[in-house]
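J.: Numbering-wise (my numbering), the sequence shown opens with residue 10 and increments by one. We treat Cβ as the ideally placed atom computed from N, Cα and C, and that holds for glycine.
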Amino acid sequence: MDLKQLEYMIKIAEENNITKAAERLFITQSALNQQLLKLEKELGTQLFVRSRTNWHPTPAGEIYIENAKKMVRIKKDTYNQINDLLDIKKGKLRIGLTPERGPEMFASIYPAFYKKYPNVKVEPIELPVKQQQHEISMANLDIGFLTLQDSQKSKDEYIYLCSEDIILAVPEAHHLAHLGGKLGDKLPEISLELFKNDTFALMQKGSTLREIYDHLTTDEDFNPTILLETRSCHNLYHMAAEGICCTIIPMAYAQPNSSVSYFLINQKPVWEVCASYKKGTYLSNPAKDLIKIASYYWSNKLKKICN
10 MDLKQLEYMI KIAEENNITK AAERLFITQS ALNQQLLKLE KELGTQLFVR SRTNWHPTPA
70 GEIYIENAKK MVRIKKDTYN QINDLLDIKK GKLRIGLTPE RGPEMFASIY PAFYKKYPNV
130 KVEPIELPVK QQQHEISMAN LDIGFLTLQD SQKSKDEYIY LCSEDIILAV PEAHHLAHLG
190 GKLGDKLPEI SLELFKNDTF ALMQKGSTLR EIYDHLTTDE DFNPTILLET RSCHNLYHMA
250 AEGICCTIIP MAYAQPNSSV SYFLINQKPV WEVCASYKKG TYLSNPAKDL IKIASYYWSN
310 KLKKICN
């Protein structure tokens, strides 16, 4: 079994295009096509339906790709276990980062990781939570760093890093702002129903934070005007800080600004910051250490915000 050939076929399936696959593999299209034709002759069947814009696996191709991924994963797990046994600090980690907070975290933790593992190549990829979960399930990511609630978790493995409150942020000009608190204080609880006639900025539909918001409001008399839907929690905070509207944000995005009052929501929504990896795969020592460094980063970050 030629493992390189397995990787070639997997890449064609991922790209749905032999030209793009060849570019990603740094080989010529003709060389990749020869490998495919050779394999199809050996198997006695086509593995891909060819078209100019969309190559997709045939039923036989789907069987081949599924098992090829298993074999490549077994090879990787085997090498990682041997590297850990011999304390050989090399290899590659593909990690998923959520937009905004993911790159901020990576910039803070990577120097410490690199100091210990200069020969481990880390490939960070920005992806929303649900897309990370899909890539983890397909074994395309070694680790994903996610923020979500238990009900949003997939069947893969999750390592708890910390918990984070999801809070209400209100401009100081709001008539209920005086009832709120500031960061470092014990925040008062309040019902969202008191803000049903207000204008809100919210995360976009499909995000894990928006799902939490939708769940919060299912049993509440709460249907405010939505001024802005965004992909950025920083934008949500700034909408409240500029006095434009109210918003619901994770604690990590709150800032000690006198122009914003904060409340705990009476349902006490909390989500977890987690590291996730594919169920049944081997987590290497470098991967474990990266997760430990990330855990330390998050515990310190939230401690500073709350104090």
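(1) Using C-beta distances below 7 Å, list every residue in its chain close to Asn42, excluding the 5 sequence neighbours before and after it, in chain order.
(2) Between the C-alpha atoms of Glu99 and Val58, what's the straight-line distance to the nearest angstrom?
(3) Taking the CB atoms as reference points, tell me whether Val269 and Pro180 lie closer together than 9 Å.
(4) Please give the ranges of any beta strand (DSSP E) in the stretch 149-229, keeping only runs that are unbroken, at least 3 residues long and fully inside the region.
(5) On a CA-only basis, which of Ser304, Ser285, Tyr291 is nearest Leu157? Give me that one, please.
(6) By how many angstroms is the C-alpha of Asn89 removed from the C-alpha of Lys287?
(7) Report back the beta-carbon spacing between Glu281 and Tyr169 to the nearest angstrom; my notes put them in contact at under 8 Å.
(8) Return the CA-CA distance between Ala116 and Ile74, expressed in angstroms with no decimal places.
(9) Of the choices Lys124, Tyr119, Lys162, Pro133, whose alpha-carbon is the least far from that of Lys139?
(10) Mind checking Gln142: buried by the 16 CB within 10 Å criterion, or exposed?
(11) Alpha carbon to alpha carbon, what distance is there between Val81 and Ile175?
(12) Return the first residue and the last residue of the alpha helix (DSSP H) that Glu23 is part of.
(13) From the DSSP output, read off the bridge partner residues of Phe57.
(14) Would you mind working out which of Ile258, Val129, Met114 sits nearest Leu245, comparing C-alpha positions?
(15) Flag this pair as touching only if the stretch 182-200 and the stretch 122-139 have three or more C-beta atom pairs under 8 Å; answer yes or no.
(16) What separation, rounded to the nearest whole angstrom, lies between the Cα atoms of Ala77 and Lys313?
(17) Tell me where the beta strand (DSSP E) around Leu253 begins and ends.
(18) Checking 9 Å against the spacing of the C-beta atoms, do Leu236 and Thr208 come in under that value?
(19) Is Ile104 helix, strand or coil by DSSP?
(20) Could you have a look at Lys99 and say whether DSSP puts it in helix, strand or coil?
(21) Kindly indicate which residue of Ile274, Leu185, Gln213, Ala22 has the alpha-carbon position closest to the one of Ser241.
(22) Which residue comes first and which comes last in the beta strand (DSSP E) that contains Phe35?
(23) Can you have a look at Val279 and say buried or exposed, based on whether 16 or more other CB atoms are within 10 angstroms of its CB?
(24) Terminal residues of the continuous alpha helix (DSSP H) containing Ser270?
(25) Would you call the CB atoms of Gly193 and Phe272 closer than 9 Å?
(26) Compare the beta carbon distance of Tyr290 and Asp93 with 9 Å and say whether it is the shorter of the two.
(27) Would you decide whether Ile118 is buried or exposed? Buried here means 16 or more other CB atoms lie within 10 Å of its CB.
(28) State the CB to CB distance for the pair Asp151 and Arg103, rounded to an integer number of angstroms; the pair is presumed to be in contact (CB under 8 Å).
(29) Between the C-alpha atoms of Asp11 and Asn128, what's the straight-line distance to the nearest angstrom?
(30) Going straight from the alpha carbon of Ala303 to that of Leu311, what length do you get?
(31) Measure from the alpha carbon of Asn309 to the alpha carbon of each residue in Glu238, Asp165, Ser172, His183, then state which is nearest.
(32) Quick one: residues in its chain with C-beta nearer than 8 Å to the C-beta of Asn266, no 5 flanking neighbours on either side, listed in chain order?
T.: In terms of the structure at hand:
(1) Result list for Asn42: Ile27, in chain order.
(2) It is Lys, not Glu, that sits at residue 99 in the sequence shown. Each residue's Cα considered, the two are about 38 Å apart.
(3) Result yes, Cβ atoms of Val269 and Pro180 sit closer than 9 Å.
(4) Secondary structure within the stretch 149-229: the beta strand (DSSP E) runs of 3 or more consecutive residues, fully enclosed, are 152-157, 166-180, 208-212 (chain order).
(5) Nearest to Leu157 by C-alpha distance, out of Ser304, Ser285, Tyr291, is Ser285.
(6) Near 15 Å, if we compare the C-alpha coordinates of Asn89 and Lys287.
(7) The C-beta distance from Glu281 to Tyr169 rounds to 6 Å, short enough to fall under 8 Å.
(8) The alpha-carbon of Ala116 is positioned some 35 Å away from that of Ile74.
(9) Sorting Lys124, Tyr119, Lys162, Pro133 by C-alpha distance to the C-alpha of Lys139 places Lys162 at the top.
(10) Result: buried.
(11) Distance between Ile175 and Val81, taken at the CA atoms: about 40 Å.
(12) Bounds of the alpha helix (DSSP H) holding Glu23 are 12-24.
(13) According to DSSP, which records beta bridges pairwise, Phe57 is partnered with Pro66.
(14) Answer by Cα proximity: Ile258.
(15) The stretch 182-200, when compared against the stretch 122-139, does not touch it at the 8 Å Cβ threshold.
(16) Distance from the CA atom of Ala77 to the CA atom of Lys313, rounded to whole angstroms, is 46 Å.
(17) The sequence as given places Ile at residue 253; Leu does not occur at that position. From DSSP, Ile253 is part of no beta strand (DSSP E); its letter is neither H nor E.
(18) Yes, the Cβ-Cβ distance between Leu236 and Thr208 is below 9 Å.
(19) Note: Ile104 maps to strand in three-state DSSP.
(20) Lys99: coil per DSSP, three-state reduction.
(21) Selection Ile274, Leu185, Gln213, Ala22 evaluated against Ser241 yields Gln213 as nearest (Cα-Cα).
(22) It is not in any beta strand (DSSP E) - Phe35 carries neither H nor E in the DSSP assignment.
(23) Classification for Val279: exposed.
(24) Here Ser270 belongs to no alpha helix (DSSP H); instead the beta strand (DSSP E) covers 269-274.
(25) No, the pair does not count as a contact, with Cβ atoms beyond the cut-off.
(26) It is Thr, not Tyr, that sits at residue 290 in the sequence shown. No, the pair does not count as a contact, with Cβ atoms beyond the cut-off.
(27) Looking at its Cβ environment, which holds 16 or more other Cβ atoms inside 10 Å, Ile118 is buried.
(28) Yes, they are in contact, since the Cβ atoms of Asp151 and Arg103 sit about 5 Å apart, within 8 Å.
(29) Between Asp11 and Asn128, the C-alpha separation is close to 26 Å.
(30) So the alpha carbons of these two residues sit roughly 12 Å apart.
(31) By alpha-carbon distance to Asn309, the top candidate from Glu238, Asp165, Ser172, His183 is Ser172.
(32) Counting only Cβ-Cβ distances below 8 Å, and skipping sequence neighbours, we find Ala250.
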